[in-house]
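Quick note: the sequence shown uses the numbering used here, first residue 5, plus one each step.
Using N, Cα and C, we set each Cβ at its ideal position, and we do this for glycine too.
Here the structure is a predicted model, which means the values were calculated and not measured.
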Amino acid sequence: MTEVSNKSTTGRTSKVRPVINSVLGGACLVVLFALIGLTCVDVVARYLFNSPVTGAYELTELLLATLIFLALPLTTLAGEHIEVELLDGVKSRFLKRFGTLIAGICTIGIFILIALELTEHAEKLQRREQVTDSLEIPLYLIGWLGAASFSVSAIAAAVFFYSRFRKEA
Numbered sequence: 005m006t007e008v009s010n011k012s013t014t015g016r017t018s019k020v021r022p023v024i025n026s027v028l029g030g031a032c033l034v035v036l037f038a039l040i041g042l043t044c045v046d047v048v049a050r051y052l053f054n055s056p057v058t059g060a061y062e063l064t065e066l067l068l069a070t071l072i073f074l075a076l077p078l079t080t081l082a083g084e085h086i087e088v089e090l091l092d093g094v095k096s097r098f099l100k101r102f103g104t105l106i107a108g109i110c111t112i113g114i115f116i117l118i119a120l121e122l123t124e125h126a127e128k129l130q131r132r133e134q135v136t137d138s139l140e141i142p143l144y145l146i147g148w149l150g151a152a153s154f155s156v157s158a159i160a161a162a163v164f165f166y167s168r169f170r171k172e173a
């Protein structure tokens with residue numbers, strides 16, 4: 005976590021944050037190890053036994069998407085996104101706070117918009133019963149995970165920007 009979020013977090017968020025970090029961080033580790041294991045087994049099976057793992061490409065795609073969606077709220081809560089410090093040299097406290105407010109509103113709004121779009125897309129995938137080609141894994145599961153990830157990220161962004169906004173007071 006960044007310095008900003010550690011110093012200004014109090015109350016309930018300071019109790020919830022370690023739980024979120026543990027659950028999502030642990031899930032990310034499991035998915036990452038599954039991805040590593042699948043890749044290793046596929047490479048060994050392909051080159052030593054001339055028999056690649058069936059559906060390895062599909063599983064790799066799904067695991068990678070899952071990893072990204074699980075890590076997004078963690079990155080957002082920690083404030084580890086790439087950001088451009090346009091108002092860094094500005095001395096005015098009002099302008100800095102205003103910039104933080106606008107950045108927060110834009111970030112939260114974009115996360116909500118993406119969550120809504122992913123929800124709509126997941127519903128379409130579920131209605132059409134679309135699955136992956138070889139393993140026939142339902143694709144809507146990734147869509148719902150993405151929608152949930154961006155929803156949680158919107159909340160995490162609100163917590164992060166509120167903490168930053170209070171720090172600049």
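Would the beta-carbon of Leu122 fall within 8 Å of that of Leu71? No. Outside cutoff.
Could you name the residues that DSSP lists as bridge partners for Pro142? The secondary-structure analysis by DSSP pairs Pro142 across a beta bridge with Val135.
Over the uninterrupted alpha helix (DSSP H) stretch that includes Phe53, give me the two end residues. First-last for Phe53: undefined, no H or E at that position.
Check whether Leu129 and Leu143 have beta carbons under 8 Å apart: It is a contact, given that the beta carbons lie within the stated cut-off.
Among Leu139, Val57, Ile116 and Asp46, nearest to Ser157 - alpha-carbon criterion: Minimum Cα distance to Ser157 is reached at Ile116.
Euclidean distance between Cα positions of Leu78 and Ala69: Straight across, the Cα-Cα distance linking Leu78 with Ala69 is about 15 Å.
By how many angstroms is the C-alpha of Leu149 removed from the C-alpha of Phe41? The sequence given here places Gly at residue 41; Phe does not occur at that position. Cα-Cα distance, rounded: 22 Å.
Considering only C-alpha positions, which residue in the set Leu63, Val23 and Cys44 is nearest to Asp137? Of the listed residues, the one whose Cα sits closest to Asp137 is Leu63.
In whole angstroms, what is the alpha-carbon distance linking Thr6 and Leu66? Bear in mind that the predicted position of Thr6 carries a pLDDT of just 42, short of 50, making it unreliable; the figure below should be weighed with that in mind. Between the alpha carbons of Thr6 and Leu66 lies a gap of roughly 30 Å.
Do the CB positions of Phe164 and Thr58 come within less than 8 Å of each other? Not a contact, by the Cβ cut-off of 8 Å.
Sorted by chain position, which residues of the same chain lie with C-beta nearer than 7 Å to Cys118's C-beta, five sequence neighbours on each side aside? The residue asked about is misnamed: residue 118 is Ile in this sequence, not Cys. Only Phe154 meet the Cβ criterion.
Assuming Thr104 and Arg50 make a contact with CB atoms under 8 Å, what is their CB distance in whole Å? Not confirmed; about 51 Å, so no contact.
For Asn25 and Lys19, what's the separation of their Cα atoms in angstroms? Taking C-alpha positions only, Asn25 is separated from Lys19 by approximately 11 Å.
Could you give the distance in angstroms between the alpha-carbon of Val27 and the alpha-carbon of Ser55? Val27 and Ser55: Cα-Cα distance of roughly 36 Å.
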